[in-house]
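These notes concern the structure reproduced below.
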Amino acid sequence: MRVLRWVALLVASVLFLLPFVVLVRSGLGTGWSTVTALFTDTGLSFTRSLLNSTVVAVLQTAGQLVLCSMAGYGLARVPYRHASFVFYAVVATLMVPTAVTFLPAFVVVSSLGWVSDLRGLVVPGLFSALNVFLFRQYFVDFPAALEDAGRLDGLSRWGVFRRIVVPNSKGYFAAVAVIDFIASWNQFLWPLVIAQDSSTWTVQVALSGLLTSQNPKVTLLFAAAAVSIMPIVLVFVLLQRHLVRGATESGLNG
Amino acid sequence: MNRRSTLAFWLFVGPFAVGLLLFTYLPIGWSAYLSLFDARNTVTPTSFVGLENYAAVLSDRAFLDSIGTFTVFAAFVIPLTMALSLGLALLVDRVKVARAFFRSVFFLPFACSYVVAALVWKMALFSGVDSGVANTVLGWFGVAPVAWVGQVDPPLYWVVLVTVRLWLQLGFFMILLLAALQRIPKHLYEAAWTDGASPWQTFRHVTLPGLRGALVAVFTLNLINAYQAFDEFYNVLGDSRGYPPFARPPLVYLYYNSLGSGAQDLGRGSAGAVVLAGVIALVTLLSGRVLRRRG
Chain A
1 MRVLRWVALL VASVLFLLPF VVLVRSGLGT GWSTVTALFT DTGLSFTRSL
51 LNSTVVAVLQ TAGQLVLCSM AGYGLARVPY RHASFVFYAV VATLMVPTAV
101 TFLPAFVVVS SLGWVSDLRG LVVPGLFSAL NVFLFRQYFV DFPAALEDAG
151 RLDGLSRWGV FRRIVVPNSK GYFAAVAVID FIASWNQFLW PLVIAQDSST
201 WTVQVALSGL LTSQNPKVTL LFAAAAVSIM PIVLVFVLLQ RHLVRGATES
251 GLNG
Chain B
1 MNRRSTLAFW LFVGPFAVGL LLFTYLPIGW SAYLSLFDAR NTVTPTSFVG
51 LENYAAVLSD RAFLDSIGTF TVFAAFVIPL TMALSLGLAL LVDRVKVARA
101 FFRSVFFLPF ACSYVVAALV WKMALFSGVD SGVANTVLGW FGVAPVAWVG
151 QVDPPLYWVV LVTVRLWLQL GFFMILLLAA LQRIPKHLYE AAWTDGASPW
201 QTFRHVTLPG LRGALVAVFT LNLINAYQAF DEFYNVLGDS RGYPPFARPP
251 LVYLYYNSLG SGAQDLGRGS AGAVVLAGVI ALVTLLSGRV LRRRG
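Pasting the structure below:
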């Protein structure tokens, strides 16, 4: 039984790692000349797309953390007569799938003149109802004694949030940040729709363009893909514990 | 005091609420409105056409096929994900040595994008040439190379689309189930053990009931995710000559009809989105009812 379990685990591990091995071998196995070509070929605008992805992922993650933690805290802790109505209005949007919202959201962004614009890539993604929900659940259980101490010291509500609640919740913020960063870096449909001009392509859109072109340059494509997963692998390795925690908490409530 | 509290509430919630109104509620309303108008190549409605867009969508073979594609995809992916992620969770839970290592290995694909995964699947693992990994393995058994994504009959592209999704999401659901496994009280296992229950009986009467909530969550999330299928379909099956007429999930249909090159028909696309919202709501409600009745 025990031997069987180990065999199953090892076989599964090989199957799960195989795609990564294939990716790195096909992408970087041909040597650094391919990688150099990747960054120097101006026709690919790969460097540009990496930069765009970095800016989008960083801004989106930071913005989501600020906006959603504030909203979550307000909903959890600030007494207001219609707070539960607001909360339901937020949670209700979790049940509306992307398939339904991406088209009308494009219409709104297009009316704002944000197509092929950094704002169009970043701003609509800032308002994550899931993050608000998660932060609210977390702040409901936040020890009230810590906050009371702050109130006694004469801090305002904002002061309590800023100086006591946030610094004492770093682990939770990190967990949400890792999930948000990965989701933002990997998103494809929205950037595909919004980044119509190649100067605003994110790395996923650039890769897809190479992949679905009629004669894809396979080596170059694999090299680009291998480079594109580096930031994520780095985040993953450094913050894996937070990631597991974030996935456990977000997934059950999604 | 009360007014100050209300002010404080909106100070915290206001910025988010404005965004939610602008980028979620307004679009949904606009979409419903736009679906009643002729809106080709424009985001502003021009002439009122009533339910014409709805009639057009509902009589469009491609749209109905897209619902069929979703159904086939969900029918493969949901049961396989539930069984395999549960299997992985049980294996990782039981192992004492190197548990963190195995957990990481299975979870790692979650960090990978669908675009990158589609590339590996399409160009290396399931490429139609002899040197593709799958065809090499088939070669060992004397089977001739197969064109995995290039043909409708037999529809082998399903193997590619289903396995790529399993690889990407199994680890995530395994983590959910692992967390749930650890919440099952240890004394229940001890009681079953002293009662002389077999491993299968223990699994059937202690583990499975303990995982019920988590398994329902896995099912529901999978159902929702299956409707959102886009990235891997688009990247595995599409190329510069366009997307083949087969295996378009609803989102790909909407993309090609409203924003893709050529037909920029936002009125019709909006009607499709509204119909889809109805279908999704119905399926979710029905499945929720079935799951509750079993409980």
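Residue numbers (my numbering), protein chains in the order written: chain A, 1 to 254; chain B, 1 to 295. The beta-carbon is built from N, C-alpha and C at its ideal position, and this holds for glycine as well.
(request) May I have a chain-ordered list of the alpha helix (DSSP H) segments no shorter than 4 residues that lie completely inside the segment 161-212 of chain A? (result) 170-186, 189-194 and 203-211
(request) Helix, strand or coil for F20(A), going by three-state DSSP, please let me know. (result) helix
(message) Short of 8 Å in beta carbon distance, which residues of its chain neighbour G254(A), apart from the five on each side in sequence? Order them along the chain.
(response) Model confidence at G254(A) stands at a pLDDT of 34, short of 50, so the residue's coordinates are unreliable and nothing is read from them.
(message) At the level of alpha carbons, what is the spacing between R103(B) and S47(B)?
(response) 57 Å
(message) By the three-class DSSP mapping on this structure, what secondary structure does F37(B) have?
(response) strand
(request) Flag this pair as touching only if the segment 106-125 of chain B and the segment 226-244 of chain A have three or more C-beta atom pairs under 8 Å; answer yes or no. (result) yes
(request) Just the C-alpha distance for Q151(B) and P245(B), rounded to the nearest angstrom, thanks. (result) 11 Å
(message) I want to see whether chain A comes within less than 8 Å of V149(B), judged by CB atoms only; does it?
(response) no
(request) Please name the residue, chosen from R157(A), Q196(A), R48(A) and G159(A), that lies closest to A224(A) on a Cα-to-Cα basis. (result) R48(A)
(message) Helix, strand or coil for N253(A)? Go by DSSP, reduced to three states.
(response) Its pLDDT being 40, under 50, N253(A) is placed unreliably in this model, and the coordinates cannot settle the point.
(request) Determine the DSSP secondary structure at L239(A), reduced to helix, strand or coil. (result) helix
(request) Report the residue from M174(B), L90(B) and V159(B) whose alpha carbon sits nearest the alpha carbon of S106(B). (result) A quick correction: the sequence has Phe, not Ser, at residue 106(B). Among M174(B), L90(B) and V159(B), the Cα nearest to that of F106(B) is on M174(B).
(message) Based on DSSP bridge pairs, tell me the residues matched to F48(B).
(response) F37(B)
(message) Using 8 Å as the cut-off, can you tell me whether the segment 79-90 of chain B makes contact with the segment 208-226 of chain B, which would need three or more C-beta pairs spanning the two stretches below that distance?
(response) yes
(message) Please report whether the beta-carbon of P155(B) lies at a distance below 8 Å from any beta-carbon of chain C.
(response) Annotation note: the requested chain C is absent from the structure, which comprises protein chains A and B.
(request) Decide yes or no for the touch test of the segment 33-43 of chain A against the segment 193-202 of chain A: beta carbon pairs closer than 8 Å, at least 3 of them. (result) no
(request) Pick out the complete beta strand (DSSP E) segments inside the segment 114-198 of chain B, 3 residues or longer, and give them in chain order. (result) none
(request) Give the interface partners of I182(A) over in chain B, defined as CB-CB distance under 7 Å, in chain order. (result) A111
(request) Would you verify that the beta carbon of M230(A) is, or is not, closer than 8 Å to some beta carbon of chain B? (result) no
(request) Please name the residue in M70(A), R163(A), R162(A) and S53(A) whose C-alpha comes closest to that of L118(A). (result) S53(A)
(request) Check the C-beta distance from F236(A) over to L88(B) and give it rounded, since I have them as a contact under 8 Å. (result) Going by Cβ atoms, the distance from F236(A) to L88(B) rounds to 18 Å, so no, they are not a contact pair.
(message) Using beta carbons (cut-off 8 Å, strictly below), is L38(A) in contact with chain B?
(response) no
(request) Helix, strand or coil for D265(B), going by three-state DSSP, please let me know. (result) strand
(request) Would you list the one or two residues that DSSP bridges to G242(B)? (result) D239(B)
(request) Indicate whether the contact test is met: 3 or more Cβ pairs, each with one atom in the segment 82-90 of chain A and one in the segment 170-178 of chain A, closer than 8 Å. (result) no
(request) Rounded to whole angstroms, what's the CA-CA distance from A144(A) to V164(B)? Just pull it up for me. (result) 46 Å
(request) For G210(B), I'd like the list of residues in its chain whose CB is within less than 6 Å of its CB, leaving aside the five on either flank, ordered along the chain. (result) I184
(request) Could you tell me whether any Cβ in chain B is nearer than 8 Å to the Cβ of L252(A)? (result) Legend: pLDDT at L252(A) = 49, less than 50; position of this residue unreliable, value from coordinates given subsequently. At least one chain B Cβ lies under 8 Å of L252(A).
(request) Step through the CB atoms of chain B and report whether any lies within less than 8 Å of the CB of L74(A). (result) Before going further, note that residue 74(A) is Gly rather than Leu in the sequence given. Cβ-Cβ to chain B under 8 Å: yes for G74(A).
(message) For A187(B) and R5(A), I'd like the C-alpha separation in whole angstroms.
(response) The amino acid at residue 187(B) is misidentified as Ala; the sequence shows His. Spanning the two alpha carbons is a distance of roughly 24 Å.
(message) For G246(A) and Q201(B), what's the separation of their Cα atoms in angstroms?
(response) 33 Å
(message) Alpha carbons only, please: which of P124(A), T61(A) and S33(A) is nearest the one belonging to T98(A)?
(response) P124(A)
(request) Compute the Euclidean distance between the alpha carbons of P191(A) and L103(A), then round it to the nearest angstrom. (result) 13 Å
(request) Indicate whether at least one CB of chain B lies closer than 8 Å to the CB of T61(A). (result) no
(request) Give the DSSP-derived three-state secondary structure of V95(B) in the structure shown. (result) coil
(message) Is it buried or exposed, A75(B), if we count other Cβ atoms within 10 angstroms and call 16 or more buried?
(response) exposed
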